[in-house]
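Student: This is the structure I have questions about; it appears just below.
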Amino acid sequence: VVQALKAQQPGREVVLVSKDINMRIKARALGLPAEDYRNDKTLEDSDLLYTGVQALPADFWERHGKTMESWQQGGTTFYRISGPLVPTLLVNQLIYLEAPGAAPLYAKVQEITGKTAVLRTLKDYGHQKHSVWGVTARNREQNFALNLLMDPDCDFVTLTGSAGTGKTL
Numbered sequence: 198v199v200q201a202l203k204a205q206q207p208g209r210e211v212v213l214v215s216k217d218i219n220m221r222i223k224a225r226a227l228g229l230p231a232e233d234y235r236n237d238k239t240l241e242d243s244d245l246l247y248t249g250v251q252a253l254p255a256d257f258w259e260r261h262g263k264t265m266e267s268w269q270q271g272g273t274t275f276y277r278i279s280g281p282l283v284p285t286l287l288v289n290q291l292i293y294l295e296a297p298g299a300a301p302l303y304a305k306v307q308e309i310t311g312k313t314a315v316l317r318t319l320k321d322y323g324h325q326k327h328s329v330w331g332v333t334a335r336n337r338e339q340n341f342a343l344n345l346l347m348d349p350d351c352d353f354v355t356l357t358g359s360a361g362t363g364k365t366l
């Protein structure tokens, strides 16, 4: 819409004004001017931002194991799932399942087609053999960030968090 208005009104400044932080970030990534809607009060609550991370339900394997397809390609495991969880997922979303006594699952939603989603397991950047220029992840969130940053198919990554959580290298 902003690009169309800029073309339609070449002599005027066109700016996207929105309270939606995700929309403003996308607009800026495309080189379009964007700013927050300023009223009497502003909302600066990072808790309202989309995190990009979703915990899987504890019964994930029981509910999806029978209809799930899995395969390996290039040292990575892929899972094709269907069911009630799929509509809640988004492409490039990071998902995890940590259960006592079981190996954890850390994956990225690779693709969503109709009522199925393809999940790709993530590399463990917490292990020294997968370090990036000597840097290793210290927790789940840093591992997620390194997986996104090292993914050539992911063009834009935004990291938020409180001071001292490892956003800056």
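The opening residue of the sequence shown carries number 198 in the numbering used here; numbering runs sequentially from there.
We treat Cβ as the ideally placed atom computed from N, Cα and C, and that holds for glycine.
From PRO383 to HIS261, what distance separates their C-alpha atoms?
Tutor: The displayed coordinates of the chain run from 198 to 366. Any statement about residue 383 would go beyond what the structure contains.
Student: Taking the beta carbon of ARG209 as the centre, do at least 16 other beta carbons fall within 10 Å, making it buried, or is it exposed?
Tutor: As a position in the sequence shown, residue 209 is number 12, starting the count at 1. With fewer than 16 other Cβ atoms within 10 Å, it is exposed.
Student: Thinking C-alpha only, which one of VAL199, LYS203 and LEU227 is nearest VAL214?
Tutor: The residue given as residue 214 occupies position 17 in the sequence shown. Closest by alpha carbon: VAL199.
Student: Whose C-alpha, out of ASP352, CYS351, PHE341 and ASP348, is nearest the C-alpha of LYS364?
Tutor: Indexing the sequence shown from 1 puts residue 364 at position 167. Nearest option by C-alpha distance: PHE341.
Student: Tell me the start and end of each unbroken beta strand (DSSP E) in the region 301-338 that is at least 3 residues and wholly inside, in chain order.
Tutor: 302-310 and 313-318
Student: Along the alpha helix (DSSP H) that carries PHE353, what are the first and last residues, could you check?
Tutor: Residue 353 sits at position 156 when you count from the first residue of the sequence shown. Element bounds for PHE353: n/a, residue is neither H nor E.
Student: Identify whether LEU294 lies in helix, strand or coil by the three-state DSSP scheme.
Tutor: Position 97 of the sequence shown, counting from 1, holds the residue named residue 294. Residue state, collapsed to three classes: strand.
Student: Distance check for LEU294 and ARG335, CA to CA, integer angstroms please.
Tutor: Within the sequence shown, numbered from 1, the residue matching residue 335 stands at position 138. Within the sequence shown, numbered from 1, the residue matching residue 294 stands at position 97. Spanning the two alpha carbons is a distance of roughly 18 Å.
Student: With 16 other CB atoms within 10 Å as the buried threshold, where does ARG221 fall?
Tutor: Taking the sequence shown and counting its residues from 1, one reaches residue 221 at position 24. Around the CB of ARG221, 16 or more other CB atoms lie within 10 Å, so the residue is classed as buried.
Student: Counting only runs of 4+ residues fully inside the region 234-279, write out the alpha helix (DSSP H) ranges in chain order.
Tutor: 257-261
Student: DSSP three-state label for VAL214, please.
Tutor: By one-based count along the sequence shown, residue 214 stands at place 17. Reduced to three states, the DSSP call for VAL214 is strand.
Student: Please determine, among GLY298, ALA300 and VAL288, the residue with the shortest C-alpha to C-alpha distance to GLU314.
Tutor: For the purposes of this step, residue 314 is identified with residue 117 of the sequence shown, where counting begins at 1. According to the sequence shown, residue 314 is Ala rather than Glu. If we check each option's Cα against that of ALA314, VAL288 comes out closest.
Student: Let me make sure I understand the geometry here. Which of ASP321, GLN307, ILE278 and GLU338 has the alpha-carbon closest to that of PRO349?
Tutor: On the sequence shown, residue 349 is found 152 positions in, with the first residue counted as 1. Nearest option by C-alpha distance: GLN307.
Student: I'd like to know whether the C-beta atoms of PHE275 and TRP268 end up nearer to each other than 8 Å.
Tutor: Walking along the sequence shown from the start, residue 275 turns up at place 78. Walking along the sequence shown from the start, residue 268 turns up at place 71. Closer than 8 Å, so yes.
Student: For LYS203, report the span of its alpha helix (DSSP H) as first-last.
Tutor: The residue you call residue 203 lines up with position 6 of the sequence shown. 199-205 is the extent of the alpha helix (DSSP H) around LYS203.
Student: Report the option in TYR303, HIS324 and PRO284 whose CA atom is closest to the CA atom of LYS180.
Tutor: Lying outside 198 to 366, the shown extent of the chain, residue 180 is not represented and no answer is given.
Student: Give the DSSP-derived three-state secondary structure of ALA231 in the structure shown.
Tutor: The residue labelled residue 231 in the question sits at position 34 within the sequence shown. Three-state DSSP puts ALA231 in a strand.
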